[in-house]
Amino acid sequence: MPTAPQTTDELYEALQENDRRPYGRTRTVTAEELVDAAEQFAEPVPLVHALFELQEAYTYGSEPRKSPVVFARLLTLFDEQPDVFDERRRHLLFWRFKWVANALLALPEIPLAALRQWLTEMRDRYEKAGLGLQPYYGQAYQLAAHIGEGTTLAHELWAGRSRTPLSDCEACEICELARHHLAAGDDERALDIWEPVLAGKESCQEEPARSVSYALLPLLRTGRTDRARELHLAGYRGCRRNPSMSAEIGRHLEFCALTGNEARGLELLAENRNLFDEVESPLELSGFLTGVEVLLQRVELLGHGDLPAAGYAGRTWTVAGLRAEVRGRGDDLAARFDARNGTTAHTDRRRARLERAPLLDALELTLRTRRLDDVAPAVPVAAPAARADAGVPESLPELIVRARALEEQGHPDARACWARLRTRAAARDYTHPEDPAVGPLVRLRADLLADEAGRAGEKDEFAECAALHEEAAGLYEDAGAPGDAALARACALLATAEIPAEGADDAAGAKAAALSAAHAAMVRLHEGTPGLAPYQEARLLRLRATALGLRLQTSGSEEHAAPVFAEADLLHAFAIRHDVGSQISGALLLRASTHALTGDLPAALTATDVLLDRLRASGPAWHLPRTLGLRGRLQLGLRDAQAAHADLAEGLRLAADWPAGSVDTTGIHSDLAEACMHLGRPDEALRHLTRSAELGLRDGSRTDAYCSYSNAAQLCLDLGRVEDCIALLDSLLAGPDVTGGELDERLVAQLRLTRARALHAGEDLKAATAELLVLSAESAGWEDDPGSHAMIAAETAVLLGESGEFGRAREAVEQALAAHARAPRYEQLSNCLRELARLQAQQQGPDGLADALAQLADAGRIADEARAAGYEAQGRSLDTALAYECGRVQAHAGEYEAAVSALDKALALIGEPGPEEDSAEEWAECVRLAGAVEGIYLERPAPALARLDAAVSRLTALGHTEEAGELGSLAARLRDEE
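Residue numbers for the sequence shown follow our numbering, beginning at 195 and rising by one.
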């Protein structure tokens, strides 16, 4: 705390500010400092407030040892100066007797006699104060349940009594009642009791998060898997990283372990690593550690004990190592509680959890389904395994010959053969065969380098690709294989041309020039290399055509199209003449792609049809998936989503016949997602988007993968699947690509912005506002993108307004306006200002009218600027929306005549409704509000009814029955009230 409060007003303001902070060390330390500050004042009331705040910080910051000490000071103050405690403070004091009981219960070093003595003190104090004893019996039941003895009688004494104003909230009592039946093995009855909490009808600071964590396994045992999944996502978010809810997090980890989601469990464990060191409550820690052990035990049982795991700070942990550590600590805590209580309840409960068998083999919890293999440390993988029928020989000479033959054909199974050869050649006891058909070792090394170069090129690692090809070319020359050397050099030329030019003012122009130079060099290389085999010459022609195709793609210049067609025709004629099947289809594919690049989609589609006919008749079959993918993309461009979906789905099906990585299934899934959206099948689109992202990550295409995940998250939000959206984004943002700074910061910002919007949609206003405030501060430094800052600051302002913080909201608006001046965002700023005006008038009434009108005046200036710039809003007209909002603001502030005038102006701007749905809806809403203000608040039903009846007739005649029905209902209400 920078400066200690010097007045009581400053102290109360600081207490309120601290109350807005999340529970944790920062809030607790500040509360301690505020107690010190409060002691300087002569009057005791500020100290009482500060002590209450400190006890709350200790309680919800999981520091049970300190909470009773603070309460003792409060109780002394109450005994010495009871008049200081007004009705509210007195209620709070007696309420917190329960907090102390729970704190003492959580400490195994507190003797059982002391626990019972405290409950006796609570009962005596309640009786003396004339308070009902149901809260006391509630605490007595919790002690009995904790010990594991006498629960039946204690439950009857508590549950049979009427509630009092000091009883635990309905949600908390429901949880205790349900847990009682859960302990008795009655899942159905427990879930029935829990339903009001699980459905969100009863809640408090700890609920429904606590009840959800207990209900997860009963839901699975009773077959309610979808409900369990839904509640896991929402419930976990309610307790993540919270020391006072560490036991709940442990139960979520256990849920993951028992549903085949061990990888997600490890991810959540890493997200909550802070709990190992921050949880001061032994009881909470015991629950957390047992859940952790259930997870780690399952992972180790599945053979992944060497996986890294997030554990205690100060060292690196494996799953097996952390499990051993956690087991020792967990056993010790259970033994300490049992020793204090004189029972074996805690050891027995812990053993039961650890011995519980998985309830499901696999339950898809999130859109980003991950396996334990996915979280294993990356190890070099040469290539995907060959298909069972790929015919990879065991004989070394046969394997080398087979690999080269497949490579000549461009067959995808060549990759598996090279992978097998790479492993065998790297062995210390490798002996190269003395076989003329195989050739020298130096040639095999060149082959392996060329294969490695090809894989680097697929990952867009062009510099590495070029260097490897050059090295391979040198080795081929040493081996007396000039044709292969020429091919490797041509590949190196193409890869070098694709290396991005650093510092170039015209990057596209520089790349196009580099590709032109590469093509010219390839032509010279081709002409200067005699004795080429047909397959080698065909590949050189293909590389030449590819260089020109990339140049056309880069420049977009029409003059670059003809040379591509010429090279493709040259390749096609040569391949036909020498019957090089893979290059015949390659030439046809180049021709179709070139038509597409020039924008002639019908010609591209025709060329693709020709290619498909040939492939189905003569092969090669492995070109079919790629060609169908191209045809699907063309159909999307021609707006035939149904045909596109059919082609892409067939391409995906055929791709499964070939080794992973040989077909761009990442792109096919992405295109299928687009087709599904056009067909109105968003759930299917979501599956394809996430699959595309998963494949992209495995292939090393990090940026494209995260863009797909970002689109998937936004689609989730659009579909109302808020918890799915948040869970996906939480997983992404906690991943090493983000935390390690490997991902583009603007893409990360987009993920966080979507998360903030999802939190807002999920009614977590506090978390959403906090995220947007951080994003707004960061985006203020984006000198190259002030428009994005304007948008983010505007959204931040609205959320601050929803929280009632209009001063801070105005500060955010000023930032948005300043950024808007540099990069206009007319619609976003207008929407923000109008919404802030509405919120202020709605929350503050007449007192907020002046500020609300000032916001609307700014919105008016934005509308004038937009009109002058010729900007057309994508949604409602800025002018009509502003006029309507003026009416609504005036109505909220009680200025009803002004409200009706503003709404009449809005109606004039909108004009008479037509058959279009949007204009009719906006017009009807203005009429409805004007009629309500005039008929109800101004008590002028006659003109209001005339307005409404005319509107109903007009809308009915135009076929807008829904809007007409709403206005008719209002008119009927006015007539009833006459």
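Think of the CB as a built atom: it goes at the ideal place given N, C-alpha and C, for glycine as much as any other residue. This one's a predicted model, so the numbers in the text were calculated from it and none came from an experiment.
DSSP places K322 in the uninterrupted alpha helix (DSSP H) bounded by 306 to 322.
For I986, the enclosing alpha helix (DSSP H) stretches over residues 980 to 996.
With at least 16 other beta carbons inside 10 angstroms of its own, S886 counts as buried.
DSSP, read as helix, strand or coil, puts W388 in helix.
Taking 8 Å as the cut-off, the beta carbon of R949 is found closer than this to the beta carbon of E965. If you draw a straight line from the Cα of A854 to the Cα of L824, it comes to about 19 Å. With 16 or more other CB atoms across the displayed protein chains lying within 10 angstroms of its CB, Q777 is buried. Taking A307 as reference, the option from W293, R467, L337 with the minimal CA-CA separation is L337.
Along the length of the stretch 1016 to 1054, whole alpha helix (DSSP H) runs at least 4 residues long occupy 1020 to 1038, reported in chain order. Nearest Cα to L414 within the set Y408, R618, A422: A422.
The C-alpha of L782 lies about 28 Å from the C-alpha of A704. Within a 10 Å sphere around the beta-carbon of L554 sit fewer than 16 other beta-carbons, which makes this residue exposed.
Under the DSSP assignment, K292 falls in the alpha helix (DSSP H) whose first and last residues are 291 to 299. A869 places its beta carbon less than 8 Å from that of L842. A residue is called buried when at least 16 other Cβ atoms come within 10 angstroms of its Cβ; Q836 does not meet this threshold and is exposed. Just measuring C-alpha positions, the residue of L559, D1073, G1069 sitting nearest L1103 is D1073. Secondary structure at P502: strand, using DSSP grouped into helix, strand and coil.
Residues of the same chain with a CB within less than 6 Å of the CB of A667, apart from the 5 flanking positions on each side, are A679, A682, R683 in chain order. In this structure, DSSP gives W1117 a helical state, which the three-state scheme calls helix.
V804 counts as exposed, since fewer than 16 other beta carbons sit within 10 angstroms of its beta carbon.
The Cβ neighbour count for P606, taken over all protein chains shown within 10 Å, is at least 16; the residue is labelled buried. By the neighbour-count criterion, in which 16 or more other beta carbons inside 10 Å mark a residue as buried, E936 falls on the exposed side. Within the same chain, Cβ atoms closer than 6 Å to the Cβ of L479 are found at V473, the five residues on either side in sequence being excluded. Where R421 is concerned, the enclosing alpha helix (DSSP H) starts and stops at 419 to 431.
One Cα belongs to R1055, the other to L205, and the distance between them is close to 41 Å. Its chain contains L483 as the residues whose beta carbon lies nearer than 7 Å to that of R523, once the 5 sequence neighbours on both sides are disregarded; these appear in chain order. In the same chain as L967, and ignoring 5 residues on each side of it, the C-beta atoms closer than 7 Å to its own belong to T990, in chain order. Per DSSP, the unbroken alpha helix (DSSP H) holding S787 starts and ends at 775 to 791. At the C-beta level, A673 and V636 come within 8 Å of one another. Burial state of L477 is buried, judged by a 10 Å Cβ sphere holding 16 or more other Cβ atoms. For W511, DSSP records a beta bridge to A503. Restricted to the stretch 709 to 779, the alpha helix (DSSP H) segments that are unbroken, complete and at least 4 residues in length are 728 to 749, 755 to 772, listed in chain order.
Apart from the 5 residues on each side of it in sequence, L764 sits with its Cβ closer than 7 Å to the Cβ of L735 in its chain, given in chain order. Look at the beta carbons and you see the stretch 650 to 665 not touching the stretch 896 to 906: under three pairs across the two are nearer than 8 Å. Separation of E382 and P402 (C-alpha to C-alpha, rounded to the nearest whole angstrom) is 18 Å.
Distances from the alpha-carbon of I920 to those of R1032, Y430, A372, Y1131 put Y430 closest.
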